[in-house]
Amino acid sequence: MNELNYEVIKNLIESGADANVQNGQALIKYCQYKHSIPIVEILLENGADINSQNGQAFIFAWADIHAQNDQPFINICHDNGIMPMFEFLVENSADIKTQNGQALINANSQSGSLKKVKYLLENGVDIHSQNDKALITSCQKCVFHKMKYFLIENGADIRAQNDQALYQKDLT
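What follows is the structure, given as structure tokens:
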């Protein structure tokens, strides 16, 4: 996080800036690409409307974790190396089972984050969501060998979708 950005936002708010000015756009636009927990927290603590513009206002800052059917949470599952934001969203009520387990599939297929996949499964995401798509996408990628074995060891159905996983690149 850029400390200067945080300090500027903090000073603006302490000086009376309205976090909801222009229907939530002024401060939100300033931090939308920073994806930093401290900036999101300070905006929320000072009354920013996380639902302004039908959930669009904080979509890039990931503050409204339930906007667009939990799309910010789904997006964070794609990103590798952003575990603190991932955990922050879960701790703040992100629905990890949203969109029929899409978070599990994204965490697996895009980032190959075994840590995220384990976390999701330990917290109730169904390994068989979307007809075992997590295993199938893991086999398509072929680079996440540990992921494939982990999913199979934890009950993923290797015969799902008419043996689709076996038609992908090999499981070795």
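Following the UniProt record's numbering, the numbering of the sequence shown begins with 1 at its first residue and continues without gaps.
By construction, the Cβ of each residue, glycine as well, lies at the ideal position given by its N, Cα and C atoms.
Since this is a predicted model, take the numbers as computed values, not measurements.
Query raised in the report: When we look at the beta-carbon of residue 254 and count the other beta-carbons within 10 Å, is it buried (16 or more) or exposed?
Result: This structure cannot settle anything about residue 254, because the visible part of the chain is limited to 1 through 172.
Query raised in the report: Any idea if residue 116 is buried or exposed, counting beta-carbon neighbours within 10 angstroms, 16 or more meaning buried?
Result: Against the sequence shown, residue 116 aligns to sequence position 116. It is buried - the Cβ of residue 116 has at least 16 other Cβ atoms within 10 Å.
Query raised in the report: Just checking my contact of residue 5 with residue 39 at CB under 8 angstroms: how many whole Å lie between their CB atoms?
Result: Reading the sequence shown from its first residue, position 5 is the one you call residue 5. Reading the sequence shown from its first residue, position 39 is the one you call residue 39. Contact flag correct, Cβ pair sits at about 7 angstroms.
Query raised in the report: To which residues of the same chain is residue 128 closer than 8 angstroms at the C-beta, ignoring the five residues directly before and after it?
Result: Looking up residue 128 in the sequence shown gives position 128. 155, 156, 157, 160, listed in sequence order.
Requested in this report: Return helix, strand or coil for residue 15, following the three-state DSSP convention.
Outcome: Numbered from 1 along the sequence shown, position 15 holds the residue referred to as residue 15. Three-state result, residue 15: coil.
Query - residue 117: first and last residue of the uninterrupted alpha helix (DSSP H) it sits in - result: The residue you call residue 117 lines up with position 117 of the sequence shown. Per DSSP, residue 117 belongs to the alpha helix (DSSP H) from 114 to 122.
Query raised in the report: Roughly how many angstroms separate the alpha carbons of residue 121 and residue 91, rounded to a whole number?
Result: Mapped onto the sequence shown, residue 121 falls at position 121. Mapped onto the sequence shown, residue 91 falls at position 91. Going from the Cα of residue 121 to the Cα of residue 91 covers about 16 angstroms.
Query raised in the report: Under three-state DSSP, which class holds residue 46?
Result: Locating residue 46 in the sequence shown gives position 46, where the first residue counts as 1. In the structure shown, residue 46 sits in coil (DSSP, three-state: anything other than H, G, I, E or B).
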